[in-house]
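Per the working numbering, the sequence shown starts with residue 3, numbered consecutively.
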Amino acid sequence: MKPEAAVPADSPFLSVKDVHAYYGESYIVQGVTFEVPYGQILALLGRNGAGKTSTLRTIARLDNPTVHQGEIWLDGQPIHGMKAFEAARSGIQLVPEDRRIIQGLSVEENLALAQVAPGAGWDLDRIYGHFPRLAERRRQEGTTLSGGEQQMLAIARALARDLKLLLLDEPYEGLAPVIVQEIETILHEIKELGITTIIVEQNAIAALKLADRAVILDTGEVAFSGSAREVLDNAELRQEYLAI
Ligand SMILES: Nc1ncnc2c1ncn2[C@@H]1O[C@H](COP(=O)(O)OP(=O)(O)OP(=O)(O)O)[C@@H](O)[C@H]1O
Ligand SMILES: [Mg+2]
């Protein structure tokens, strides 16, 4: 009997293949291709308006932008024909820039609402173990949390769901450096747990330090794809596409 071929450690978990997406007539995601191996973190970078949020929204299968061409595969499953709720059920969790904490609900109620499929995601004890600030504020209304605490709640909510691919859109935005450090610690913990992640961040250096791989978008196209280290080491590349 032939031994089963071992899955190579860097075989793609997420594949985005020549994806073209539009907001109505506006052609925004212009043939984007990249892969993320299982358990790795990809930093998705680029100037304002480069198409980072649109690419995340496309992967999460939100109604807009709409995919006109290309394929998206997660863990051997085609995603490109799915609706947002189906993609979420398949384990794709987007933490959008505005965090979307539900008004009128406590921290704990926000988390409980995310646990629609019991047993699929983290239970409350595990969440509070990783997010002591949320544990202290479990009865507080979610929308009255500080910006950093709301970001923690938004990430915790993704962990409470069935999570295979975490999509983070500017998790450090508007946060003081000390809070950014706290979120970074949490993201390092998530990385150690082997959760495949895409992070979009204006703070490119912070994202690159966390990430294994990097993709730089420029007007909806991939301008660079390689290791995060290559971008950190290449001042010319950073200057040209990230202005840092
Ligand atoms: N709903 C929409 N309808 C039409 N065009 C849109 C829509 N949302 C975004 N765009 C356009 O798509 C392009 C890419 O926007 P996107 O938000 O993906 O960029 P981004 O890289 O996330 O930028 P930023 O760093 O500013 O967040 C921009 O030119 C933007 O104006
Ligand atoms: Mg954006």
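Cβ coordinates follow ideal geometry from the N, Cα and C atoms, glycine included.
Quick caveat, the model's predicted, so the values are computed rather than measured.
Cβ-heavy atom distance between Y25 and ligand 1 below 7 Å?
-> yes
Is there a Cβ from chain B that is less than 8 Å from the Cβ of S28?
-> No chain B is part of this structure, which consists of one protein chain only.
Using the rule of at least 16 other Cβ atoms within 10 Å of the residue's Cβ for burial, across every protein chain shown, is A18 buried or exposed?
-> In the sequence under discussion, the amino acid at residue 18 is Val, which differs from the Ala named in the question. Result: buried.
8 Å Cβ cutoff met for V109 and G144 | yes
Looking only at DSSP bridge pairs, what is I94 linked to?
-> L167
For R49, three-class secondary structure by DSSP = coil
Between the CA atoms of Q71 and D20 - distance to the nearest angstrom = 7 Å
How is G222 classed by DSSP in three states: helix, strand or coil?
-> coil
Taking buried to mean at least 16 other C-beta atoms within 10 Å of its own C-beta, is E203 buried or exposed?
-> buried
Contact check, I181 vs A206, beta carbons under 8 Å = no
Could you check if K4 is buried or exposed, using at least 16 other CB atoms within 10 Å of its CB as the buried criterion?
-> A caution first: K4 carries a pLDDT of 47, below 50, which makes its placement in the model unreliable, though a value can still be read off. With fewer than 16 Cβ atoms within 10 Å of its Cβ, K4 is classed as exposed.
The segment 95-104 in contact with the segment 146-160 per 3-pair CB rule at 8 Å | yes
Say whether the segment 216-228 touches the segment 189-198, bearing in mind that this needs 3 or more beta-carbon pairs closer than 8 Å, one atom from each stretch.
-> no
Option in G51, I185 and A52 with minimal Cα separation from P134 | I185
Between the C-alpha atoms of M84 and Q95, what's the straight-line distance to the nearest angstrom?
-> 14 Å
Using the rule of at least 16 other Cβ atoms within 10 Å of the residue's Cβ for burial, across every protein chain shown, is D171 buried or exposed?
-> buried
Based on Cα-Cα distance, which residue from G53, V97 and E175 lies nearest to A62?
-> V97
Does DSSP classify D100 as helix, strand or coil?
-> coil
Excluding the 5 residues preceding and the 5 following T35 in the sequence, name in chain order all residues of the same chain whose CB lies nearer than 7 Å to its CB.
-> V18, K19, D20 and V224
For W75, which residues does DSSP report across the bridge?
-> S17 and P80
Confirm the yes/no value for this check: CB of T55, any heavy atom of ligand 2, distance under 7 Å.
-> yes
Report yes if the C-beta distance between R49 and Y243 is below 8 Å; otherwise report no.
-> yes
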